[in-house]
Amino acid sequence: MEFRSAFPVAVLLGAVLGATAAGGESRENAPVSTAAAGMVREASAAVADATWDIPVVRNAPVERFIGIFTGRQQDRMALYLKRSGRYEGMIRAKLRERGMPEDLLYLSMIESGFNPTAKSHASAVGLWQFIEDTGERYGLRVDGYVDERRHPEKSTDAALSYLEDLHGQFGSWYLAAAAYNTGEGRVARVMKQVTGKEKGRDADFWRIRSRLPSETREYVPLMVAAALIGKEPAKYGLGGVQRWMPLESDEVQVPAGTKLSLVAEAVGVSENELKRLNPHLVRAMTPPGKKAYAVRVPRGRTDRYAANFATLQTRAAEDAARERREEQRRLAAVRRHTVRRGESLWTIARRYDTTVKKVQSANNLGRRNRIRPGQRLVIPS
Numbered sequence: 002m003e004f005r006s007a008f009p010v011a012v013l014l015g016a017v018l019g020a021t022a023a024g025g026e027s028r029e030n031a032p033v034s035t036a037a038a039g040m041v042r043e044a045s046a047a048v049a050d051a052t053w054d055i056p057v058v059r060n061a062p063v064e065r066f067i068g069i070f071t072g073r074q075q076d077r078m079a080l081y082l083k084r085s086g087r088y089e090g091m092i093r094a095k096l097r098e099r100g101m102p103e104d105l106l107y108l109s110m111i112e113s114g115f116n117p118t119a120k121s122h123a124s125a126v127g128l129w130q131f132i133e134d135t136g137e138r139y140g141l142r143v144d145g146y147v148d149e150r151r152h153p154e155k156s157t158d159a160a161l162s163y164l165e166d167l168h169g170q171f172g173s174w175y176l177a178a179a180a181y182n183t184g185e186g187r188v189a190r191v192m193k194q195v196t197g198k199e200k201g202r203d204a205d206f207w208r209i210r211s212r213l214p215s216e217t218r219e220y221v222p223l224m225v226a227a228a229l230i231g232k233e234p235a236k237y238g239l240g241g242v243q244r245w246m247p248l249e250s251d252e253v254q255v256p257a258g259t260k261l262s263l264v265a266e267a268v269g270v271s272e273n274e275l276k277r278l279n280p281h282l283v284r285a286m287t288p289p290g291k292k293a294y295a296v297r298v299p300r301g302r303t304d305r306y307a308a309n310f311a312t313l314q315t316r317a318a319e320d321a322a323r324e325r326r327e328e329q330r331r332l333a334a335v336r337r338h339t340v341r342r343g344e345s346l347w348t349i350a351r352r353y354d355t356t357v358k359k360v361q362s363a364n365n366l367g368r369r370n371r372i373r374p375g376q377r378l379v380i381p382s
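In my numbering, the protein residues as written are 2 to 382.
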């Protein structure tokens with residue numbers, strides 16, 4: 002999943018990555034601002050109050066990001082905390098079912114800011130920023146009608162499977178997170194160069210960190226900083242953020258090739274609301290074919306769908322058939338004329354009882370355009 006995060010890494014890391022790359026060495030011991038350091042020290046005593054299931058390392062890179070999140074990027078962090086309320090419960094439940102650390106939730110925060118439609122410069126998409134190949138490798142459908150990288154639940158299942166595989170390969174959640182960002186091949190090579198083996202411990206991330214690409218070098222510190230603030234926002238000046246409620250929904254089976262606008266009319270909501278519930282339906286319609294497709298509707302609207310959809314579908318089919326007939330009539334009414342030598346627009350228009358301007362308009366001809374023998378002209382009714 003090499004370098005594909007939609008989280009504004011360039012904004013958050015900017016000068017930090019630039020300085021690291023220019024200096025050619027690790028900046029772990031670089032100084033942090035007095036305000037940021039003081040804020041971290043003030044909060045550090047209370048970290049024990051929170052329950053952690055990933056290692057919480059307090060060092061200069063982590064403190065640097067805490068300073069950024071609580072300083073110039075505080076509004077952005079507040080937005081991501083708001084969005085977290087929509088998906089946190091679902092993600093934590095899936096992590097819990099698999100026996101995985103629940104704090105891996107914060108990988109989604111630093112990947113997409115909890116935005117299921119986020120898209121990066123590398124065309125990675127969704128809460129977990131899958132590129133197309135990796136998404137398909139983990140069972141996500143990606144085509145012109147459905148992009149399950151945008152499906153919050155399905156993309157979460159795929160991301161957790163991928164993270165489980167990475168943890169199995171590297172033996173460490175820090176190393177798994179780094180591989181999630183830059184690809185397992187690169188982390189494996191660097192681990193072998195530094196430690197002589199692929200598998201390691203969380204401490205090995207810090208050993209190999211200076212040999213990783215710039216974005217990956219900062220990825221784990223970014224995750225830890227996001228987790229610290231996300232779990233105890235009040236201690237970082239974000240206690241007043243009101244998190245959004247989850248989108249409660251039911252599923253209905255909708256015939257193939259049906260527009261969401263028709264489903265929305267059946268259940269009595271706006272089309273935009275259905276798009277928000279079904280971000281993976283990229284054309285705002287169910288995919289074509291023979292099989293019905295599950296569409297999410299607001300909780301408690303399934304009976305209304307059952308009562309209204311068939312009538313609306315019949316009406317829509319009748320409207321479509323009427324439009325096709327009208328189009329066929331319009332096409333049948335169009336006449337064509339092949340220009341013969343010596344003819345002009347005036348003589349042709351007179352022959353068909355129309356005007357020169359109408360012939361010009363029907364054929365996109367300007368006043369200075371000349372007609373030629375053999376040219377085919379559309380003659381308006």
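Don't be surprised by glycine CBs; every beta carbon is placed ideally from N, CA and C. Just so we're clear, the structure is a prediction, and the values are computed from it rather than from any experiment.
{"Query": "Tell me where the alpha helix (DSSP H) around residue 277 begins and ends.", "Result": "272-278"}
{"Query": "Considering only the beta carbon of each residue, do residue 386 and residue 221 sit closer than 7 Å?", "Result": "This structure gives no information on residue 386, because the portion of the chain shown stretches from 2 to 382."}
{"Query": "Compare the C-alpha of residue 281 against each of 268, 295 and 269 and name the closest.", "Result": "295"}
{"Query": "According to DSSP, is residue 233 part of a helix, a strand, or is it coil?", "Result": "coil"}
{"Query": "For residue 203, which of 269, 70 and 171 has the nearest alpha-carbon?", "Result": "171"}
{"Query": "If distances are taken between C-alpha atoms only, which option among 154, 138 and 110 comes closest to residue 163?", "Result": "138"}
{"Query": "Name the DSSP bridge partner or partners of residue 380?", "Result": "336"}
{"Query": "DSSP three-state label for residue 70, please.", "Result": "helix"}
{"Query": "For residue 82, which option in 140, 60, 235 and 201 has the closest C-alpha, if you only look at C-alpha atoms?", "Result": "235"}
{"Query": "Using three-state DSSP, classify residue 295 as helix, strand or coil.", "Result": "strand"}
{"Query": "Looking at residue 160 and the ligand MN, is the gap between the Cβ and the nearest heavy atom below 6 Å?", "Result": "The ligand MN is absent from the structure shown, which contains no ligand whatsoever."}
{"Query": "What residues in its chain sit with their C-beta under 8 Å from that of residue 367, if we drop five residues either side in the sequence?", "Result": "361"}
{"Query": "For residue 1, I'd like the list of residues in its chain whose CB is within less than 8 Å of its CB, leaving aside the five on either flank, ordered along the chain.", "Result": "Residue 1 is absent from the model: the chain starts at 2 and stops at 382."}
{"Query": "Pairing CB atoms from the region 208-221 with CB atoms from the region 238-256, are three or more of them under 8 Å?", "Result": "no"}
{"Query": "What residue from 353, 320 and 109 has the CA that sits closest to residue 87's CA?", "Result": "109"}
{"Query": "What ranges does the alpha helix (DSSP H) occupy inside the region 88-151, keeping only unbroken runs of at least 4 residues that lie completely in it?", "Result": "106-113 and 133-138"}
{"Query": "Taking Cβ to Cβ, would you say residue 55 is nearer than 7 Å to residue 174?", "Result": "yes"}
{"Query": "Measuring CA to CA, which of 320, 213 and 321 is closest to residue 182?", "Result": "213"}
{"Query": "Do you know offhand how far residue 158's Cα is from residue 91's?", "Result": "10 Å"}
{"Query": "Residue 155: which of 140, 146, 168 and 165 sits nearest, CA to CA?", "Result": "140"}
{"Query": "Measuring CB to CB, does residue 161 end up less than 7 Å from residue 95?", "Result": "yes"}
{"Query": "In angstroms with no decimal places, state the Cα-to-Cα distance between residue 61 and residue 249.", "Result": "41 Å"}
{"Query": "State the DSSP-derived secondary structure class of residue 187, mapped to helix, strand or coil.", "Result": "helix"}
{"Query": "Reducing DSSP to helix, strand and coil, say where residue 282 ends up.", "Result": "strand"}
{"Query": "Leaving out five residues before and five after residue 377 in sequence, what residues of the same chain have Cβ atoms less than 7 Å from its Cβ?", "Result": "337 and 339"}
{"Query": "Given that a residue counts as buried once 16 or more other Cβ atoms are within 10 Å of its Cβ, and exposed if not, what is residue 226?", "Result": "buried"}
{"Query": "Give me the Cα-Cα distance between residue 370 and residue 347, rounded to the nearest whole angstrom.", "Result": "13 Å"}
{"Query": "Taking the C-alpha atoms as reference points, what is the distance between residue 1 and residue 58?", "Result": "Nothing about residue 1 can be read from this structure; the chain reaches only from 2 to 382."}
{"Query": "In the DSSP assignment, the beta strand (DSSP E) including residue 252 goes from what residue to what residue?", "Result": "250-255"}
{"Query": "Locate the alpha helix (DSSP H) running through residue 244, then write down its first and last residues.", "Result": "Neither: residue 244 is in no alpha helix (DSSP H) and is coded neither H nor E."}
{"Query": "Measure the C-alpha to C-alpha separation of residue 322 and residue 301 and round it to an integer number of angstroms.", "Result": "33 Å"}
{"Query": "Rounded to a whole number of angstroms, what is the C-alpha to C-alpha distance between residue 310 and residue 152?", "Result": "24 Å"}
{"Query": "Determine, using beta carbons only, whether residue 394 and residue 147 come nearer to each other than 7 Å.", "Result": "In the structure as shown, the chain starts at 2 and stops at 382, and residue 394 therefore has no counterpart that could be examined."}
{"Query": "Give me the Cα-Cα distance between residue 351 and residue 320, rounded to the nearest whole angstrom.", "Result": "37 Å"}
{"Query": "Would you kindly work out how many angstroms separate the C-alpha atoms of residue 118 and residue 312, rounded to a whole number?", "Result": "33 Å"}
{"Query": "Under three-state DSSP, which class holds residue 260?", "Result": "strand"}
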